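In what follows, a structure is listed as structure tokens, so that the remarks can point back to it.
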Amino acid sequence: MSLLEKIHACNHWDPADYVPFVVAGERLGLTRRGFAEALAAEDRDFRLDRDGLVWWSAPTEFDARSAQFAAILARLVDAGLIGPLHREPYPVTAGGRGQARFLIDRAAAPCFGVRAFGQHLNGYVRTAAGLELWVARRAWDRRHYPGHLDHLVAGGLPWGVSLSENLRKECHEEAGLDPEQADRARPVGAVTYCRASTSGLKPDVIYCYDLELPADFVPHCTDGEVAAFYRWPVDEVLAIVRDSDDFKLNCNLVIIDFLIRHGLIGPEEPDYLALVQGLRAPLP
């Protein structure tokens, strides 16, 4: 395996399998063709035409549009067209979070192929032998990637919460970090990817952070989502990313980005330019 294969795995999808999801003349996502056909046949609020899957009855106002779409999702769950909802609102946008057109439940976002946002934090320690990364093992009862390796802190970014507030919350829940420690995390950019999933399409944005931790820091999970923590030399983490599928898929991208930024993957790497470019894949 190679590092570049990990990036390709996060960007595996066929545009021919999808049609635009259109609201008020604006393309806000991509839906699987079969899902679009079933939805247009099942629900009176949608039609499928040459523009794509069109939510023709969408209200103009944000709150009204969000409320009506929530009612639609409840009907789709009852009809068995989508799975159970998370009850966590995400913005529907073709740009940034601040340009939201309405809200969608997190679980339904891939069904309509709308952008989702998250935050991942690289918690690291400087030692005499070099950098070491804190790594979490996801609890075995997690809905997605049970038992896989993960970042020290990682989570989705719901609507109505600022990036700093959400990072503090995730830091406390997943690693026992207090707000003062969380506020020392440095924003270092973002990675983007788009991949097919079992429920649809995931065009995702992950905001990345680095947090240097003291040698005596020991994380502890407060919400039951982490089974164990490990502190490993970065060379060992690099080997796991390159040679296995042990990490949750999108964590590979954030770790590769960390290693490049810290000079641990350099221009001598044969795929260096492809790696750098692949971490910011264009979103549809």
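Each position in the sequence shown, counted from 1, maps to that position plus 302 in the numbering used here. All residues carry an ideal CB built from backbone N, CA and C; glycine is no exception. Because the structure is a prediction, the values reported are computed rather than measured.
Asked	Found
If you draw a straight line from the alpha carbon of V394 to that of F404, how long is it in whole angstroms?	6 Å
Are three or more beta carbon pairs between the segment 474-488 and the segment 385-399 nearer than 8 Å?	no
Where in the segment 363-446 do unbroken runs of the alpha helix (DSSP H), each at least 4 residues long, occur, reported from the N-terminal end onward?	364-380
Using the rule of at least 16 other Cβ atoms within 10 Å of the residue's Cβ for burial, across every protein chain shown, is W650 buried or exposed?	With the chain represented from 303 up to 586, any question about residue 650 goes unanswered, as that position is not in the structure.
Determine, using beta carbons only, whether R618 and A529 come nearer to each other than 8 Å.	The question about residue 618 has no answer here: the residues shown for the chain are numbered 303 through 586.
Could you work out which residue in Q421, E390, G425 and L423 is closest to A409 when comparing CA atoms only?	E390
Which residue comes first and which comes last in the alpha helix (DSSP H) that contains H310?	L305 to A311
Look at the Cβ atom of V507, then the Cβ atom of H422, and state whether they are nearer than 8 Å.	no
With DSSP run on the structure shown, which of helix, strand or coil describes I567?	coil
Just the Cα atoms here: how many angstroms apart are L577 and A517?	31 Å
Determine which residues share a DSSP beta bridge with K471 and list them.	According to DSSP, which records beta bridges pairwise, K471 is partnered with nothing at all.
In three-state terms, what does DSSP make of D299?	One cannot answer for residue 299 here, as it falls past the ends of the chain, which runs 303 to 586.
Once DSSP output is grouped into helix, strand and coil, what is the label at A529?	strand
For D506, which of helix, strand or coil comes out of DSSP?	strand
Taking the CB atoms as reference points, tell me whether D345 and I384 lie closer together than 8 Å.	no
Out of curiosity, what's the CA-to-CA distance linking S501 and R417?	14 Å
Between the Cα of G336 and those of A318, K504, V325 and P521, spot the shortest distance and give me the residue it belongs to.	A318
Going by other Cβ atoms of all chains shown within 10 Å of its Cβ, with 16 needed for buried, is H522 buried or exposed?	exposed
Here's the rule: buried if 16 or more other CB atoms are within 10 angstroms of the residue's CB, otherwise exposed. What is G425?	buried
Looking at the structure shown, is D452 part of a helix, part of a strand, or coil, going by DSSP?	strand
In the DSSP assignment, find the alpha helix (DSSP H) that holds G580 and state where it starts and stops.	Y574 to G580
Pick helix, strand or coil for C523, following the three-state DSSP scheme.	coil
Determine the contact status of A456 and C553, defining contact as a CB-CB distance below 8 Å.	yes
Can you check DSSP and say which residues form a bridge with E324?	In the sequence under discussion, the amino acid at residue 324 is Val, which differs from the Glu named in the question. Answer is R329 and V356.
Mind checking V536: buried by the 16 CB within 10 Å criterion, or exposed?	buried
Is the beta carbon of P569 closer than 8 Å to that of L503?	no
Enumerate in chain order the residues of its own chain whose CB-to-CB distance from V463 is below 8 Å, with the five nearest sequence positions on each side excluded.	K471
Per DSSP, which residues does F549 bridge with? Please list them.	L451
What are the boundary residues of the beta strand (DSSP E) that includes G491?	R488 to S499
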